[in-house]
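**Q** Mind looking over this structure? Questions follow.
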Amino acid sequence: MKKPVTDKRYRDPQDEETVASAVVAHLLSEGRTVADFRRPPTGGVRSPDFLMQLDGSQMALEVVRFLDADLTKAMANIAMVERALKNEVRLQEAAAGLGCKLVLEIHFSVQPLLDYQRADADHDAGLLAASILRGLAVGLDGLEGGVQLLTNVSWVQRADLVAYSSSEPSVYIGSCTPEPSLASLNAAAFLSRTIISKGNQHLAHATTAILAIRSDLDVSAALRGAFAEENQLIPWWRVYNVWSGGSLRVVHSADDRG
């Protein structure tokens, strides 16, 4: 069974700072005070990725990367479909004629995308293009809130089309949400390993910590289920799932426990 990767080879300081900024912004939106945000100096003891004063108390922030091999491959193949969509002339002409960006928001199945070739991407891009052109029949006003498309692409569970006025018309795939069964992302195993590797890393610097789990997509449902089933003590005050663009959800909070 493939395991999500969390080792140091995948550390990216700039990515960690982006994730940390999203977490800090969320804390500030709750009316909390954040001060003295910094990376701790490296030394002889294990240290967290960041430290801050949160509401006057020292708080550590750990950032860990959640990768799943199948999900990563599926996303790469969806990107290949998106590139093929941009070569659909009728679709590009329609976007230019309407003066808008056409954005697909997709819920997808992973399995059909694992054994996927360039010819499959071109074929599915043609099917999606035809579905989009049919969806455009509702007119721009009907697309403002999104319209669900009918398509027989094997890996698409649901596709919604949204149009945005733009001086640079284009077609692209926006948000992608994996199927609910991706709770099988091995989130429980990931959580157990992370508790072992990161659970006490902050103790020489702060009594409490936040864990931010960076992922390519929103996997908060799978993570939330893993936390609900975890029998051992959770060593973090709060846990976030942060994905592309700085979007985030709280997947565990000590404040919510009875």
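Numbered as in the numbering used here, the sequence shown ends at 504 without a single skipped number. A virtual CB, placed ideally from N, CA and C, is assigned to each residue, including glycine. Every value quoted in this text rests on a predicted model; they were computed, and no experiment measured them.
Which residues in the same chain have their Cβ closer than 6 angstroms to the Cβ of ALA405, if we skip the five residues on either side of it in sequence?
**A** Against the sequence shown, residue 405 aligns to sequence position 159. Excluding sequence neighbours, ALA405 sits near LEU350, ILE352, LEU395 and THR397.
**Q** Helix, strand or coil: how does DSSP classify GLN260 here?
**A** Translated into positions along the sequence shown, residue 260 becomes position 14. Of the three classes helix, strand and coil, the one that applies to GLN260 here is helix, per DSSP.
**Q** Relative to the C-alpha of ASP261, which candidate in ASP301, VAL309 and GLN299 has its C-alpha closest?
**A** Taking the first residue of the sequence shown as position 1, residue 261 is located at position 15. Looking at the Cα atoms, VAL309 is the closest of the given residues.
**Q** Fully enclosed by the segment 408-449, which alpha helix (DSSP H) runs are 4 residues long or longer?
**A** You should have 433-444.
**Q** ALA375: buried (16+ other C-beta within 10 angstroms of its C-beta) or exposed?
**A** Within the sequence shown, the letter at position 129 stands for residue 375. Answer is buried; the Cβ neighbour count reaches 16.
**Q** May I ask you to report which of helix, strand or coil DSSP gives GLY491?
**A** To locate residue 491, count along the sequence shown from 1; it is residue 245. Three-state result, GLY491: helix.
**Q** Which residues in the same chain have their Cβ closer than 7 angstroms to the Cβ of VAL417, if we skip the five residues on either side of it in sequence?
**A** What you label residue 417 is simply residue 171 of the sequence shown in a count that begins at 1. Closer than 7 angstroms at Cβ, skipping near neighbours: LEU331, LYS332, LEU337, GLN338, ALA341 and LEU348.
**Q** Tell me which residue opens and which closes the beta strand (DSSP E) that ASP464 is part of.
**A** Taking the sequence shown and counting its residues from 1, one reaches residue 464 at position 218. It is not in any beta strand (DSSP E) - ASP464 carries neither H nor E in the DSSP assignment.
**Q** Per DSSP, PHE473 forms a beta bridge with which residues?
**A** For this step, residue 473 is matched to residue 227 along the sequence shown. DSSP output for PHE473 lists no bridge partner at all.
**Q** In angstroms with no decimal places, state the Cα-to-Cα distance between ALA506 and GLN403.
**A** The structure shown has nothing for residue 506, since the chain only spans 247 to 504.
**Q** DSSP three-state label for ILE456, please.
**A** Here residue 456 refers to the residue found at position 210 when the sequence shown is read from its first residue. ILE456: strand per DSSP, three-state reduction.
**Q** Just to confirm before moving on: does the CB-CB distance between ARG360 and PRO424 stay below 7 angstroms?
**A** Against the sequence shown, residue 360 aligns to sequence position 114. Against the sequence shown, residue 424 aligns to sequence position 178. Rather than Arg, the amino acid found at residue 360 in this sequence is Leu. Against a cut-off of 7 angstroms, the Cβ pair of PRO424 and LEU360 comes out as no contact.
**Q** From SER303, ARG311, GLU276 and GLY343, pick the residue whose C-alpha is nearest to that of ASP282; which is it?
**A** Working through the sequence shown from its first residue, we reach residue 282 at position 36. Per the Cα distances, SER303.
**Q** Nearest-angstrom Cα distance between GLU414 and MET326?
**A** Taking the sequence shown and counting its residues from 1, one reaches residue 414 at position 168. Taking the sequence shown and counting its residues from 1, one reaches residue 326 at position 80. Approximately 21 angstroms between the Cα atoms of the pair.
**Q** With H, G and I counted as helix, E and B as strand and the rest as coil, what does DSSP make of ASP406?
**A** On the sequence shown, position 160 is the one that residue 406 refers to. Note: ASP406 maps to strand in three-state DSSP.
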